[in-house]
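Before any comments, here is the structure.
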RNA sequence: GCCCGGGUGGCGGAACGGCAGACGCGGCGGACUCAAAAUCCGCUGUCCGAAAGGGCGUGUGGGUUCGAAUCCCACCCCGGGCACCA
């Protein structure tokens with residue numbers, strides 16, 4: 013016999029309720045922020061929550077969903093806390109994949125990209141993420157191109173832009189430049205031709221001007237320590253000395269009239285152990301310093317590096333024998349006054365320091381390996397400890413073998429020896445102390461079509477000229493043909509190429525390089541503040557209100573490049589007057605969420621292992637998917653898609669629905685009147701839930717928040733099914749409170765249930781506040797340990813004194829058997845623990 | 001190779017230096033059902049034991065501590081980044 017009541021209960025059908033709520037959020041403009049209302053608000057009433065804008069690769073994959081769920085939860089949470097929350101969205105819409113698609117299919121990247129943006133926008137709406145869509149920015153919007161180009165020109169005027177030669181990956185078969193990603197095992201992924209390194213004149217941003225500030229300001233932002241550490245290491249500040257090694261003549265004496273070879277070292281204290289020197293194979297003085305009989309070997313060595321990546325070159329794996337070559341020349345170690353051989357080695361880079369090093373095999377493992385391979389001398393200048401069984405010794409210890417007539421370091425520890433050696437180098441006029449950074453200037457030119465054109469003009473008479481502002485935006489043309497080789501169509505488009513010189517009005521040609529897409533993403537967060545403004549790139553008044561971004565959310569894979577470039581842009585914009593000078597950092601707090609992996613590897617469009625959320629949403633609903641994302645792992649960690657527990661989450665939402673629905677079969681008979689002990693328990697648990705969820709949301713512990721919801725719901729099921737049933741008021745408060753706490757996580761079902769319970773719009777409701785008095789616990793389970801092992805548990809009053817706690821523990825029968833006479837020591841941590849050391 | 005993370009039951013995970021394994025998945029059992037599904041309730045680290053109870057247990061090896069998953073050192077394995085994928 014079927015229960016007639018149960019058939020009448022409306023079922024939880026996410027596909028029925030979710031679209032309605034999504035439409036409502038759009039229609040009501042709940043998450044839109046009007047700039048004209050911002051002026052009257054205090055900074056504390058305004059929040060700026062931003063998830064990194066996505067590259068539009070098509071419909072969202074599950075990695076996107078994870079990212080945007082975290083951000084959406086925060087937007088909704090802060091909104092319920094009474095804040096005005098700026099939550100914009102945009103698309104990083106320039107880039108290689110659209111160009112590759114164009115080469116394959118002939119479809120113009122613009123229409124291709126716009127279609128992908130539509131798909132991605134639609135999936136973002138379908139997961140229930142809320143944005144102020146009116147502020148949408150696409151990197152390829154003409155307006156955004158215009159301001160991007162204006163910023164470039166302003167930086168150019170300020171001396172933050174320059175040109176120099178730099179190597180690119182060149183495919184001789186395709187006659188085009190390849191991205192690193194397009195080089196597979198040294199071959200072109202399109203044509204399989206070998207890829208060589210070729211020098212080209214390219215554009216750079218002078219990010220190194222900001223190296224010290226980029227380093228220092230890390231101390232003032234709330235970012236994960238690991239990201240700060242990665243950025244510090246990337247900037248790579250080192251203190252050392254730069255000095256000259258005189259070129260030796262045939263007799264081994266310093267040659268006159270030839271400038272010495274400049275080297276940089278962080279360990280000037282080890283100079284007495286310098287037994288050879290090494291130049292980068294690209295060093296400008298290689299030709300000058302190569303002897304006739306070594307010329308052939310040097311040329312062959314240089315040639316062998318054409319197809320070697322920097323990672324290969326810096327790697328210490330592989331046989332060192334083929335990684336260097338003797339130049340045939342010697343230089344003089346100015347400290348020992350002896351001639352030492354000069355080599356080239358692949359692991360010395362022109363981009364760092366002076367492009368030449370002094371080699372000290374005794375204290376540097378790579379130099380040690382090199383010395384062994386080439387039969388060079390090894391002199392220790394730091395005494396290793398007696399039990400040291402390694403090769404090069406890089407640790408601290410007293411200096412040895414380190415004295416000449418004027419300088420004696422022997423016996424000094426490294427720091428002292430370093431200071432003294434540096435002083436001496438300066439006094440002896442050999443060189444100067446020097447701070448170096450590993451950070452290199454930002455190469456922003458790309459030999460591509462689908463990017464923001466660099467607004468420069470080449471005139472045969474006037475040279476390089478900035479494009480006039482009236483030309484902006486300079487857009488990539490629509491009538492282009494993509495060649496199968498991947499060459500940029502800009503190189504052949506006469507309409508784009510031909511212009512006139514802004515100075516002499518003679519025919520001139522446009523720059524065909526476009527900007528790195530990291531340029532677009534380096535300031536979009538500033539444009540979101542007032543994307544409609546056509547007077548200025550950044551609305552400074554509003555920027556003062558909104559900036560810095562209170563919470564920036566994105567993948568850990570952006571820990572270095574994007575986040576460093578955005579920090580640089582923010583500082584440069586402030587210094588060039590384009591943004592308020594006080595805004596030195598873009599993102600006050602950063603959260604880097606882990607990646608969603610598939611079969612253990614990174615999920616990406618290029619690997620073809622993405623999972624579309626659409627089917628999951630159709631089958632289980634967006635709320636179940638959101639909940640599964642929150643539940644499966646701490647947000648900071650990588651997660652395998654296989655581990656998502658959608659079924660369990662959907663089941664939980666069904667349980668919630670059944671319990672919270674006004675016509676629930678579980679709540680047909682409820683008590684009123686006097687509260688019982690059980691009611692008080694539930695009430696206290698409700699206040700504890702408020703406390704716990706608030707703290708979990710604040711500390712990004714969403715998986716434990718979901719556990720708390722499930723635990724609480726299980727408790728309520730027991731409560732309503734108990735013999736004496738639930739008290740109507742207690743239960744209503746418990747359920748309404750939980751729905752409010754869950755609203756940021758699962759916005760559709762909570763919106764629907766609260767509306768059906770006639771409790772209003774949960775998303776506009778105030779965030780619940782716990783009653784401190786109800787959080788007080790009066791009884792605690794005290795742990796009694798003997799030698800660190802748990803032997804008893806005793807319920808004690810929360811305010812128990814140390815003396816009483818100890819007496820209780822010693823008197824415990826369970827403990828007696830483990831004690832042999834007087835305890836040696838008793839550690840008391842009342843009321844939680846007593847440890848007896850027997 | 002270098003820089004940065006991570007490693008806890010069958011699985012995802014929880015745990016201010018203080019009860020290891022919350023919560024979920026899976027599994028097992030029970031209730032309901034003619035039956036099944038769904039739902040509801042219970043059990044579920046491992047070894048010994050009928051049970052009570054006890055031993056062992058957080059990648060491996062050492063250390064600090066009254067007490068270590070947590071702090072330190074070394075090693076192994078997995079992931080991210082390495083400057084033109086974004």
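Residue numbers (this note's numbering): 13 to 850.
The C-beta atom is built at its ideal place from N, Cα and C for all residues, glycine as well.
Please read all numbers here as calculations on a predicted model, not as lab measurements.
| Asked | Found |
| --- | --- |
| Beta-carbon separation (whole angstroms), residue 565 vs residue 530, contact threshold 8 Å | Rounded, the Cβ-Cβ distance is 18 Å, inconsistent with contact. |
| Contacts around residue 14, its chain only, beta-carbon distance under 6 Å, and the 5 residues preceding and following it disregarded | Note that residue 14 scores a pLDDT of 35, beneath 50, so its modelled location is shaky and nothing firm can be said. |
| Distance, residue 195 Cα to residue 571 Cα | 24 Å |
| Sheet register partners of residue 806 (DSSP bridge) | 794 |
| Per-residue burial, residue 645 [other beta carbons within 10 Å of its own, 16 or more giving buried] | buried |
| Complete runs of the beta strand (DSSP E) confined to the segment 56-121 [at least 3 residues] | 58-63, 96-98 |
| Rounded Cβ spacing between residue 446 and residue 254 (contact assumed at less than 8 Å) | 4 Å |
| Residue span of the beta strand (DSSP E) that contains residue 567, given as start and end | 563-567 |
| CB of residue 598 within 8 Å of CB of residue 579, strictly | yes |
| For residue 33, three-class secondary structure by DSSP | helix |
| Extent of the continuous alpha helix (DSSP H) to which residue 316 belongs | 307-316 |
| One or two residues paired with residue 411 in a DSSP bridge | 394 |
| The segment 792-808 touching the segment 817-837, judged by at least three CB pairs closer than 8 Å | yes |
| Where residue 671 falls: helix, strand or coil (DSSP) | helix |
| Own chain, CB closer than 8 Å to residue 22, minus 5 neighbours either side, in chain order | 673, 675 |
| Nearest neighbour of residue 257, chosen from 268, 236, 247, 500 [CA to CA] | 268 |
| Contact set for residue 87: own chain, Cβ-Cβ below 7 Å, skip 5 residues either direction | 43, 61, 97, 99, 142 |
| Residue burial classification, residue 516 (beta-carbon count within 10 angstroms, cutoff 16) | exposed |
| Boundaries (first-last residue) of the beta strand (DSSP E) holding residue 357 | 350-357 |
| Check whether residue 538 and residue 139 have beta carbons under 8 Å apart | no |
| CB of residue 724 within 8 Å of CB of residue 682, strictly | no |
| Same chain only: Cβ atoms within 6 Å of residue 272, ignoring 5 sequence neighbours per side | 256, 257, 258 |
| Residue 367 vs residue 291 beta-carbon contact at 8 Å | yes |
| Beta-bridge partners of residue 519, as assigned by DSSP | 512 |
| Counted within 10 angstroms of its Cβ, other Cβ atoms place residue 705 as buried (16 or more) or exposed | buried |
| Residue interval of the beta strand (DSSP E) (run including residue 211) | 207-217 |
| Distance cut-off 7 Å: residue 161 Cβ against heavy atoms of the ligand ATP | By its list of ligands, the structure shown contains no ligand whatsoever, and the ligand ATP lies outside what it can speak to. |
| Delimiting residues of the alpha helix (DSSP H) encompassing residue 824 | Here residue 824 belongs to no alpha helix (DSSP H), and DSSP marks it neither H nor E. |
| Where residue 474 falls: helix, strand or coil (DSSP) | coil |
| 6 Å Cβ shell around residue 365 - same chain, five flanking residues per side excluded | 276, 448 |
| Backbone secondary structure at residue 14 - three-state DSSP | Unreliable placement is indicated for residue 14, whose pLDDT of 35 sits below 50; the coordinate value is still reported in the next sentence. Reduced to three states, the DSSP call for residue 14 is coil. |
| Residue 283 in three-state terms, based on DSSP | helix |
| Alpha-carbon spacing of residue 825 relative to residue 398, whole angstroms | 54 Å |
| Residue 68 beta carbon less than 8 Å from that of residue 128 | yes |
| 8 Å Cβ cutoff met for residue 206 and residue 135 | no |
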